[in-house]
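**Q** Heads up: the sequence shown at position 312 corresponds to 573 in this note's numbering, and the numbers run straight through without jumps. Sharing a structure here in structure tokens format.
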Amino acid sequence: MINPIRLSGMSSGLDTDKMINDLMKAARQPANKLKQQKQTLMWQREEYRNMNSMMSSFKNLADKLRFSSTFNKLSASSSNNSVITASANSSAGNGSYVVKVDQLATSSTNVGDAFSSAVDLKAKGLTPGEFSITVDGKEQKFEINADSTLESVMNSVNKANIGVRMSFDSINKRFMLTSASTGDISTFSINDSSGALSTNFNIQAANTNVGQNAKATINGVAMEMANNSFEFNGVKFDLKGVSTSEVTVTVTRDTQDLVSQIKDFVEKYNEIVDKIQAKTTERPNRNYYPLSDEEKESMKDSQIQLWESKAKAGLLYRDDILQDAMNSLRRDLTSPIKDISGNIKSLKDIGITFKPFVQGNTKDLAKIQLDEQKLQDAINSNPDEVMKLFTKSSNLDSKDPNYRSEIGYGERLYDTLGNSMKKITKKIGSGSVSDAVDGSIFGNRLRDMNKKLDSLEDKLKMTENRYYKQFTAMEKAIQKLNSQGSWLAQQLGQG
Numbered sequence: 262m263i264n265p266i267r268l269s270g271m272s273s274g275l276d277t278d279k280m281i282n283d284l285m286k287a288a289r290q291p292a293n294k295l296k297q298q299k300q301t302l303m304w305q306r307e308e309y310r311n312m313n314s315m316m317s318s319f320k321n322l323a324d325k326l327r328f329s330s331t332f333n334k335l336s337a338s339s340s341n342n343s344v345i346t347a348s349a350n351s352s353a354g355n356g357s358y359v360v361k362v363d364q365l366a367t368s369s370t371n372v373g374d375a376f377s378s379a380v381d382l383k384a385k386g387l388t389p390g391e392f393s394i395t396v397d398g399k400e401q402k403f404e405i406n407a408d409s410t411l412e413s414v415m416n417s418v419n420k421a422n423i424g425v426r427m428s429f430d431s432i433n434k435r436f437m438l439t440s441a442s443t444g445d446i447s448t449f450s451i452n453d454s455s456g457a458l459s460t461n462f463n464i465q466a467a468n469t470n471v472g473q474n475a476k477a478t479i480n481g482v483a484m485e486m487a488n489n490s491f492e493f494n495g496v497k498f499d500l501k502g503v504s505t506s507e508v509t510v511t512v513t514r515d516t517q518d519l520v521s522q523i524k525d526f527v528e529k530y531n532e533i534v535d536k537i538q539a540k541t542t543e544r545p546n547r548n549y550y551p552l553s554d555e556e557k558e559s560m561k562d563s564q565i566q567l568w569e570s571k572a573k574a575g576l577l578y579r580d581d582i583l584q585d586a587m588n589s590l591r592r593d594l595t596s597p598i599k600d601i602s603g604n605i606k607s608l609k610d611i612g613i614t615f616k617p618f619v620q621g622n623t624k625d626l627a628k629i630q631l632d633e634q635k636l637q638d639a640i641n642s643n644p645d646e647v648m649k650l651f652t653k654s655s656n657l658d659s660k661d662p663n664y665r666s667e668i669g670y671g672e673r674l675y676d677t678l679g680n681s682m683k684k685i686t687k688k689i690g691s692g693s694v695s696d697a698v699d700g701s702i703f704g705n706r707l708r709d710m711n712k713k714l715d716s717l718e719d720k721l722k723m724t725e726n727r728y729y730k731q732f733t734a735m736e737k738a739i740q741k742l743n744s745q746g747s748w749l750a751q752q753l754g755q756g
């Protein structure tokens, strides 16, 4: 579209550009208001996404508390870590292992003779030739030529990844070949018919020493392994040295890890309750609104930031989804678990209680607190009952009204958080697609707003062009009148 010719006050002397700008400010009010509504909606969507992210983090923690593996973690301790260190997986059982280490597993090696003088690894001038190293029946050849250096040949051996490494002992001035694996199966052979390896590196093909296996006695049973790390009855043993006396490895339930998990659960629960309460009770500030581009032009960045922080207040005030989520979370923890046996039947029995009411302090009403000593005592005396408190399942269908009353706290919280997150996602979308195809409530609203804004912008352009046409016509009319007036005055003057 060709812009019309605009005559700005040439005949009338009026500042028509300013007059039209003032008229357009009024005309732009509906569009500006819609832009403010759009910005508010986008801010609100961001607030929801932050809440969903926080819920997702807590949901992941609740997910762990649904499974017995979280409560059955085992730890292994050694009476002498310089000889043995150990760790246990879930298949191990509580108990002790008496271990005596007689021999460590070693690699196969070929240690070269020491050089009588300093060795320059980067010097050329080596004796040309070829040698090969064979590992597990696979032969790898290496060539030494006029451009080779001791360092380049050593690097070529190591980069070949054949299971043998070459190194240089700068203190003793000698080269060494070492197998990557250990035990008597880690052997390798050298073919140096050209003599290049022995001449340049002082390594003799016949001097390869085969590695040895590790030997240990565990609970009276003699064992021989190719590696110093091995698993026995779910316990991983790492042999560090030879022992002249027996070492005891003790496997117990890792109660400290479980205490840490439950402490983390209490902290994360309180964090999400605190966040929900803060957002749903924060009142909107009606005196602040999203700034237009024109308003931002006259403000500093710090002023814009301060203004917008106040304009964003109360975006989730009394939000139904968040309030329902908090009520459900509280109900999850206060409702008793049906058909649970033993002495531990509620969170109170493991030291978790709701904070007491304090006059004038409503902030902590829905928060929980932990008596760590009581928790530790419960875990030490009844670990399986503590586990059941969080992991108990139900044979009922999940849609059965009695289902939630039969499941443990981990299952309840996981379910509640998942449902709340689904509601938020249905409202604001997943964030993985553009607004153009987002079928959420917010996505549809934003799409409608964008269409209306496009339509309003088209109308504003038409309105502005119409104003300029009208003022241009006025200027032309005034110009014509001025011309006629001048002619008339000229005629009268001649008369």
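Virtual Cβ for every residue (Gly too), placed ideally from N, Cα, C.
According to DSSP, what are the bridge partners of N371?
**A** In DSSP, N371 forms a bridge with L438.
**Q** Do you know offhand how far Q298's Cα is from L590's?
**A** In a straight line, the C-alpha of Q298 is about 32 Å away from that of L590.
**Q** Residues in its own chain within less than 8 Å of G456 by CB, not counting five upstream and five downstream?
**A** Cβ within range, chain order: T388 and G390.
**Q** Just checking my contact of F449 with S459 at CB under 8 Å: how many whole Å lie between their CB atoms?
**A** About 16 Å separates the two Cβ atoms, so there is no contact after all.
**Q** For N468, does the three-state DSSP call read helix, strand or coil?
**A** Three-state DSSP puts N468 in a helix.
**Q** Compute the beta-carbon to beta-carbon distance between K361 and A475, rounded to the nearest angstrom, for a pair I have assumed lies under 8 Å.
**A** Incorrect: roughly 12 Å between the Cβ atoms, too far for contact.
**Q** Considering only DSSP beta bridges, list what G390 is partnered with.
**A** For G390, which the question treats as bridged, DSSP gives the partners I405.
**Q** Starting from the N-terminal side, write out each stretch of the alpha helix (DSSP H) that is 4 residues or longer and does not extend beyond the segment 285-357.
**A** The segment 285-357 contains these whole alpha helix (DSSP H) runs: 290-325 and 329-332.
**Q** Going by CA-CA distance only, name the one from M682, Q584 and N711 that's closest to S318.
**A** Selected option, being the one with the closest Cα: M682.
**Q** In terms of alpha-carbon separation, which member of Y309, K571, T277 and L284 lies closest to I702?
**A** Ranking the options by Cα distance to I702, first place goes to Y309.
**Q** Can you grab the Cα-Cα spacing for the pair I266 / D554, in whole Å?
**A** Unreliable placement is indicated for I266, whose pLDDT of 49 sits below 50; the coordinate value is still reported in the next sentence. Those two C-alpha atoms are separated by around 28 Å.
**Q** At which residues does the alpha helix (DSSP H) containing F567 begin and terminate?
**A** Note on identity: in this sequence residue 567 is Leu, with Phe being the wrong assignment. Its alpha helix (DSSP H) spans residues D562 to A572.
**Q** Going by C-alpha to C-alpha distance, which of N342, A292, N311 and K688 sits closest to G500?
**A** According to the sequence provided, residue 500 is Leu. The question's Gly does not apply to it. Nearest option by C-alpha distance: N342.
**Q** Please classify T469 as buried or exposed, where buried requires at least 16 other C-beta atoms within 10 Å of its C-beta.
**A** Buried: at least 16 other Cβ atoms inside 10 Å.
**Q** State the Cα-Cα distance for the pair N419 and E412, rounded to the nearest angstrom.
**A** The alpha-carbon atoms of N419 and E412 are separated by roughly 11 Å.
**Q** Could you give the DSSP three-state label for R426: helix, strand or coil?
**A** Three-state DSSP puts R426 in a strand.
**Q** In its own chain, which residues sit with a C-beta less than 6 Å from the C-beta of T516, not counting the 5 before and 5 after it?
**A** Once the five neighbours on either side are set aside, the close Cβ partners of T516 are I640.
**Q** Name the two residues that bound the continuous alpha helix (DSSP H) containing T677.
**A** Element bounds for T677: Y670 to I689.
**Q** Can you tell me the Cβ-Cβ gap for T443 and A347, rounded? I've got them flagged as a contact below 8 Å.
**A** So it is not a contact: roughly 19 Å between Cβ atoms.
**Q** Mapping the DSSP letters down to three states, classify L650 as helix, strand or coil.
**A** Note: L650 maps to helix in three-state DSSP.
**Q** Closest to S642 by C-alpha separation, out of G603, A627 and K653, would be which residue?
**A** When only C-alpha atoms are compared, the closest one is G603.
**Q** According to the Cβ coordinates, are G669 and T652 closer than 8 Å?
**A** Against a cut-off of 8 Å, the Cβ pair of T652 and G669 comes out as a contact.
**Q** Among D430, L678, G692 and L295, which residue has its Cα nearest to the Cα of E307?
**A** It is G692.
**Q** Output needed for L583: all residues of its chain with C-beta closer than 7 Å, excluding positions within five of it in sequence on either side, in chain order.
**A** These residues qualify, in order along the chain: M312, I537, K540, T541 and L577.
**Q** Note down the Cα distance separating Y530 from D625, rounded to an integer number of angstroms.
**A** About 12 Å.
**Q** Between E507, M484 and S368, which has its C-alpha nearest Q473's C-alpha?
**A** Selected option, being the one with the closest Cα: S368.
**Q** Check the DSSP bridge columns for S768 and list the partner residues they point to.
**A** For the chain, the structure presents residues 262 to 756; residue 768 sits outside this window and is missing.
**Q** Mind reading off the beta-carbon distance from S253 to M437? Whole number of angstroms is fine, and I expect it under 8 Å.
**A** Past the edges of the chain, shown from 262 to 756, lies residue 253, and the structure says nothing about it.
**Q** How far does the alpha helix (DSSP H) with S459 in it reach, from first residue to last?
**A** First-last of the alpha helix (DSSP H) with S459: A457 to F462.
**Q** Could you name the residues of the same chain whose beta carbon sits closer than 8 Å to that of F618, not counting the 5 residues immediately before and after it, in chain order?
**A** Cβ neighbours of F618 beyond the five flanking positions: L626.
**Q** Do you know offhand how far G373's Cα is from Y358's?
**A** C-alpha separation (whole angstroms): 41 Å.
**Q** Examine the Cβ distances between the segment 597-611 and the segment 562-571 and report whether three or more of them are shorter than 8 Å.
**A** Verdict: no, contact absent.
**Q** Does DSSP classify E629 as helix, strand or coil?
**A** Inspection of the sequence shows that residue 629 is occupied by Ile rather than by Glu. Note: I629 maps to strand in three-state DSSP.
**Q** Report, in whole angstroms, the separation of the C-beta atoms of Q522 and T677, which I expect to be a contact under 8 Å.
**A** Incorrect: roughly 19 Å between the Cβ atoms, too far for contact.
**Q** With distance defined between alpha-carbon atoms, name the residue in R579, M280, K279 and K294 nearest to N711.
**A** Nearest of R579, M280, K279 and K294 to N711, Cα basis: K294.
**Q** Can you check whether the CB of N355 is closer than 8 Å to the CB of R514?
**A** Contact flag set, yes.
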